[in-house]
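The working numbering runs 582 ahead of the 1-based position in the sequence shown. Okay, structure first, notes after.
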Amino acid sequence: MASAPSPSPLSPSQERHPMKHRISILLCAVLALLCLASASADSPYYITVDLANQIVTVYKNGSDQEHIVRQMICSAGSKETPTMLGTYTMVEKQDSNERKEWYRIGSGYVKWATRIKWGTMFHSIPYNSKRSSYNSQMAAKMGEPYSNGCIRLWTEDAWWIATHVPPGTKVRIYDDADRDEALRDLLLHVTFSIDDGSYEQFLRGMYTLRLWSWGDRVKSLQGRLNMLGYACGEPDGEFGRDTEDAVKAFQAQNGLEQDGTVPEAVWNALFNVNAVPAPVTDGTYGLHVYALQQDLQALGSYSGPLNATYDAGTAAALRDYVSRYMPGTESLPSPRLLNEIHVRAALADADAKAPAAEAPTMAVTALATELLEQPDAMSVMLSSLSKGTAVQVLEDLGQYLRVRAGGRMGYLDAGAVELQATAPTQVAVSQETAQLYHIEGGSVTAAGEAHMGDTFRLIDTGEQFYIIDADGQSLWISKGDAEPVIEEEA
């Protein structure tokens, strides 16, 4: 017996009119393509993924290719699991957890997964199964092809795409671009966003610095903040909470919006000669405090260390000078008082000021000796100097030598120690460019730039800075921009 025919997938009408059915299928396909084209045209963005440089660029759709909205470093597929080349249209969500904070992949999780096509997504660096920490090895490979085929991004960048870029956006993935190491290095430090300034400013290095930015510009920022008295710790190139707080304090004193970010306008205000330093209170550190100590020392009221810190010794010296020479004047360290003292110091005999460049530099050869406040064996000991300590001889008084050692002025018993000449300590610039500063009263003046490899004689060392001799001028340079060296003997 003949078996019954299997049910036809076509309706009776379609069976009778097969050509009409083919036309219907064709029309449906055309409509689908039109809908897809419309979705792409409606998207405000167009994205490229440059595999040669591991860079994702988001353009404003409908404008020229130079209108970049955002640019970020990525980590695409490895050689073993490459990211597929081609131009794709981002599809709708295939899972309810896509474009949300957590999305499960394998045994772990990623953040803000956004689907490009089936099998390829933008997402963050992978996290463990408990979502408690990300994979540090994969984080260290950002900027290199290391993924299983998806496009890994920093979390903030993955979030931006998930929340700003709609389905229907075109994504072009290609691998034939020229290598651009300068751009890669820049994007490894910071993502470009049109919200932070123009792309031209970004390429010039004048991008907005903000919380969690890092790199040499952050280190220079930290050095400048410290110099103005807005303490943010040792310059380490990492824009953390202390740096953000210091920026806000600077903005408050200089009449700027207190948002803790450093766009080009705030950067320029920071490095302006008229930048307002931090108010002087107990513990204030900065160039303006160093200037006060230097002035009080020149006026004979201060013999402590030039440590740029408004400590008890500096406050006592200020009170002493004001009570003796400016009776009736409030001894609070106001800008007006600091400027008045600077004028007086400039007119006074500068006998106790920092030694000139020609002052001989010597080294202690005894196991230990005392630096005294006065040329008298019964005088107060300022510090103990160990063997090898460098000192600068200011005056030979016979039994005693008046010297400068470790930022202190004092006296050594010449008969108790033998001194020998030693090469002066120098500093070498360690950054491509470094700002030099001149102090004048309570203000800070930019005194030009130094460049990688430039060396200067070291006059003194502070907590965050070096004081150097630059063509006869005593200038300042941040420790973040230079490293100490010892001049080798010929």
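Glycine residues also receive a C-beta, built at the ideal position from the N, C-alpha and C atoms.
Coarse secondary structure for TRP525, derived from DSSP in three states: There is simply no residue 525 to check, as the chain begins at 583 and stops at 1072 in what is shown.
Inter-stretch contact (C-beta, 8 Å, three-pair minimum) for the segment 828–844 and the segment 763–774: no
Which listed residue (ARG792, TYR867, ILE1059, GLU839) has its alpha carbon closest to that of GLY526: Absent from the model: residue 526. The displayed extent of the chain is 583 to 1072, so no value can be given.
Environment of ALA936 [buried if 16+ CB atoms lie within 10 Å]: Caution applies to ALA936, whose pLDDT of 43 falls short of 50 and renders its modelled position unreliable; the model cannot decide the point.
Length of the line joining the Cα atoms of GLN974 and PHE1038: 17 Å
Of the listed residues VAL631, PHE774, GLN840, nearest to PRO727 (C-alpha basis): VAL631
Three-state secondary structure assigned by DSSP to LYS699: The answer is strand: DSSP assigns LYS699 an E or B state.
Coarse secondary structure for MET963, derived from DSSP in three states: It is a strand residue.
Length of the line joining the Cα atoms of PHE784 and ASP824: Those two C-alpha atoms are separated by around 24 Å.
Cβ pair ALA721, ILE707 closer than 7 Å: yes
Environment of GLU826 [buried if 16+ CB atoms lie within 10 Å]: buried
Buried/exposed call for MET672, threshold 16 Cβ in 10 Å: buried
Outcome for ALA1064 when other beta-carbon atoms lying within 10 angstroms are tallied against a minimum of 16: Within 10 angstroms of the beta-carbon of ALA1064 lie 16 or more other beta-carbons, which makes it buried.
Proximity of ARG733 and VAL651 at Cβ, strictly below 7 Å: The sequence shown places Ile at residue 733, rather than the Arg named in the question. For ILE733 and VAL651, no; Cβs fall outside 7 Å.
Alpha-carbon to alpha-carbon, SER714 and LYS1061: 37 Å
Where SER1060 falls: helix, strand or coil (DSSP): The DSSP-derived three-state label of SER1060 is strand.
DSSP beta-bridge partners of LEU735: SER706
Classification of CYS617 by the beta-carbon crowding that lies within 10 angstroms, buried from 16 upward: The pLDDT assigned to CYS617 is 44, lower than 50, so where the model puts this residue is not dependable; a value taken from the coordinates is nonetheless given after this. CYS617 comes out exposed.
Beta-bridge pairing of HIS1033 - partner residues as DSSP gives them: THR1015
Chain-order list of residues whose beta-carbon lies under 6 Å from that of ASN710 (same chain, five-residue window excluded): Correct list, in chain order: GLY690.
Per DSSP, cross-strand counterpart(s) of TRP796: GLU820
Terminal residues of the alpha helix (DSSP H) in which GLY668 lies: Not the alpha helix (DSSP H): GLY668 falls in the beta strand (DSSP E), residues 668–671.
Member of GLN653, LEU633, ALA634 whose CA lies at the smallest distance from the CA of VAL640: GLN653
Cβ neighbours of ASP877 in the same chain (closer than 7 Å, five flanking residues each side left out): ILE923, HIS924, ALA927
C-beta atoms of LEU983 and ALA996 nearer than 7 Å: yes
Whole-Å CB distance - TYR1076 paired with GLY805, under 8 Å assumed: Any answer about residue 1076 is impossible in this case: the structure gives the chain only from 583 up to 1072.
Local conformation of TYR685 per DSSP, three classes: Strand, per DSSP.
Residue span of the alpha helix (DSSP H) that contains GLY895, given as start and end: 894–907
Assigned exposure category for GLY842 - 16 Cβ within 10 Å defines buried: buried
Pair within 7 Å by beta-carbon distance, SER961 and LEU954: yes
Pick from THR745, LEU1040, GLY787, LYS693 that is closest to VAL772, judged by C-alpha positions: Ranked by Cα distance from VAL772, the options THR745, LEU1040, GLY787, LYS693 are led by GLY787.
Rounded C-alpha distance that separates ARG986 from GLY992: Here the C-alpha atom of ARG986 lies approximately 6 Å from the C-alpha atom of GLY992.
Classification of SER678 by the beta-carbon crowding that lies within 10 angstroms, buried from 16 upward: exposed
First and last residue of the uninterrupted beta strand (DSSP E) at ASP632: 627–632
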